[in-house]
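Each protein sequence line maps, in turn, to chains A, B and C. 91 is the number that the working numbering gives to position 91 of the first sequence; each next residue is one higher, with no gaps. Offset between the second sequence (1-based) and the working numbering: plus 115. Offset between the third sequence (1-based) and the working numbering: plus 267. For glycine and all other residues, C-beta sits at the position ideal for the given N, C-alpha and C. To start, the structure itself, in structure tokens.
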Amino acid sequence: MLTINDIAEKLGLDLKAKGDVHKGVTGCYISDLLSDVMANSKDHELWVTLQTHPNVVAVAAIKGISGVIITNGRSPEADTLKRAAAENVTIMTSPYSTFELAGLLYNLLKNANVK
Amino acid sequence: MGDNKGPVEGCFQLMGGAFANAGTASSELKIVLTNLGVPQDITRRAAIAAFEAEMNVIIHAIAGTLHYEITPERIHIDITDMGPGIEDIELAMREGYSTAPDWVREMGWGAGMGLPNIRKNADTFKIDSVPGEGTTLEIDIFLSGGRNADNK
Amino acid sequence: MELGKVVELLGGTVVVSKKDGAFDITAVCTTDMMSDVLRFARRGELLVTSLNQPQVIRTAEIADIPVVVVVLGKKIGKEMIEMAEKMSITLLSTSLPMFTVCGMLYAKGLKSCVNGR
Ligand SMILES: Nc1ncnc2c1ncn2[C@@H]1O[C@H](COP(=O)(O)OP(=O)(O)O)[C@@H](O)[C@H]1O
Ligand SMILES: [Mg+2]
């Protein structure tokens, strides 16, 4: 199984807050709506979003998200990073759009699971 | 728009919190511009700028108006509201900055890109705000001699 | 990519179909934030979203987006349907999650709405 670290390396993600980056990634959930993530994401998924505010960390922690990828070149707010450090949540950023990042990640996870 | 004598004008009342009709004014403006034969890319820029401004009144203010005036030279849009105003305009203009509450984000707004989007689509853009009183935006989009209009 | 192909690929349902609907979709915008659509989407693209609000249709209309796909089988209410009909926006629904939808469309060679990335 690919770890967060593997994925960060392969997709050139920028590590902004480092939680447990050796955690395995089971899948991915994409949404910019926190209530949607609360309702529908699963344990150990990566979460791809363009939201940058501190509540992202709260949701990630509650839902057992293994890591958050913020897309479109957006930067997490300072409070978000502070909170991420406190909650041991990994936050990464990417210049890619959500669509393109999702496309690349989908391919990556599919190939990893085939092996 | 050759045979139009005077400018084409319209005015809409906007109510804070009224999500159900949010965007009506901008949609109307878009129809008017399309019917006048304004090129699609210019119409799109005007509609986007108007829509973001309209949404800001609905999300952040109590009540306001959107007024437009179309002449052969330009589309002029002004949006005035009564509301909390903006304390620090430079900060508000920054991409990603937003004071929108959580419930607004759950409706798909509050990404902090509205004012930057307006500036991007406008040929001239002016914002004035008095904290505790309200905010006024003035937007011009040129119909002739404007820049090449790609929404980038 | 033709609309029919998109529907077939995603196992989707056509909720509202624009009358003169011959599309060739080449790029996709995936987001739930309307300003993101207004900022990055180009005319004629496909919008994939998990938001099931009428505002999505309004935004599509303003930004010249002809087709909207709502993911994860989210309930599409009467208001959203009526707005899509009125504004002539094609509205699709799929039970697949956003991640799978993006993965499949990307694998078919559809491009991102953000230029140069
Ligand atoms: N009409 C307005 N009245 C009061 N505050 C406003 C108004 N328009 C914008 N603002 C302030 O500027 C911020 C940034 O606006 P904008 O870029 O449109 O992002 P968003 O609307 O997504 O928050 C808002 O969060 C709000 O604090
Ligand atoms: Mg706004």
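In this structure, L313(C) is the residue among T326(C), T280(C), D303(C), L313(C) with its C-alpha nearest to the C-alpha of Y373(C). Scanning chain A for C-beta atoms nearer than 7 Å to the C-beta of F290(C) yields nothing, as the closest lies near 17 Å away. Look at N236(B): its beta carbon is at least 7 Å from all of the heavy atoms in ligand 2. Any Cβ of chain B closer than 8 Å to the Cβ of R74(A) would place that residue at the interface, and such an atom is present. Between T52(A) and chain B, the shortest Cβ-Cβ separation is below 8 Å. In this structure, the beta-carbon distance from N232(B) to E167(B) falls below 8 Å. About 7 Å separates the beta carbon of H175(B) from that of P199(B), a gap short enough to meet the 8 Å contact definition. At the C-beta level, I204(B) and S244(B) come within 8 Å of one another. P321(C) has its CB no nearer than 7 Å to any heavy atom of ligand 1. Contacts between M222(B) and chain C, judged by CB atoms closer than 9 Å, involve M301, L318, Q320, Q322 in chain order.
Not a single C-beta of chain C is nearer than 8 Å to the C-beta of N171(B). Its chain contains P54 as the residues whose beta carbon lies nearer than 6 Å to that of D79(A), once the 5 sequence neighbours on both sides are disregarded; these appear in chain order.
Around T93(A), no beta-carbon contact reaches into chain C at under 7 Å, the shortest distance being about 13 Å.
The C-beta of N150(B) comes no closer than 8 Å to any C-beta of chain C. The three-state reading of DSSP puts Q128(B) in strand, counting E and B together.
Applying a distance threshold of 5 Å between residue Cβ atoms and the heavy atoms of ligand 2 selects N171(B), G229(B), given in chain order. Close to chain A, meaning a Cβ-Cβ distance shorter than 9 Å, is no residue of the segment 183-205 of chain B at all. With a threshold of 16 other beta carbon atoms within 10 Å, D303(C) meets it and is buried. Interface flag for L359(C) against chain B is unset, since no Cβ pair is found closer than 8 Å. At a C-beta separation below 7 Å, L33(A) has these neighbours in chain B: E221. At least 8 Å separates the CB of M208(B) from every CB of chain C. Comparing alpha-carbon positions, the option among V295(C), M268(C), V274(C) lying closest to S360(C) turns out to be V274(C). Of L109(A), L13(A), D6(A), the smallest CA-CA separation from I91(A) is found for L13(A). At a cut-off of 8 Å between C-beta atoms, N55(A) counts as an interface residue with respect to chain B. For the segment 139-205 of chain B, the continuous beta strand (DSSP E) assignments of 3+ residues that do not extend past its boundaries occur at 178-185, 189-197, in sequence order.
Counting the other CB atoms within 10 Å of its CB gives P216(B) a total below 16, which places it among the exposed residues.
For the options S284(C), L305(C), G279(C), the alpha carbon positioned closest to that of W224(B) is the one of L305(C). Straight through space, the alpha carbons of K341(C) and E169(B) are spaced by roughly 27 Å. From the beta-carbon of A330(C), the residues of chain B found nearer than 9 Å are R159, A162, I163, F166, N266. Remark: the shortest separation between the CB of G19(A) and any heavy atom of ligand 1 does not fall under 7 Å. Sequence-distant partners of E253(B) (beyond 5 residues in either direction) whose C-beta falls short of 6 Å from its own C-beta, in its chain, are D193, K241.
A17(A) carries a strand assignment under DSSP once its states are collapsed to helix, strand and coil.
Across the segment 225-236 of chain B, CB contacts with chain C closer than 7 Å involve A226, M228, G229, N232, in sequence order along the chain. Rounded to the nearest angstrom, the Cβ distance from A207(B) to L230(B) is 6 Å, consistent with a contact under 8 Å. DSSP places A294(C) in no alpha helix (DSSP H) but in the uninterrupted beta strand (DSSP E) bounded by 294-297. Of all residues in the segment 362-380 of chain C, only P364, M365, F366, T367, V368, C369, G370, M371, L372, Y373, A374, L377, K378, S379, C380 come within less than 9 Å of chain A when Cβ atoms are compared, listed by chain position.
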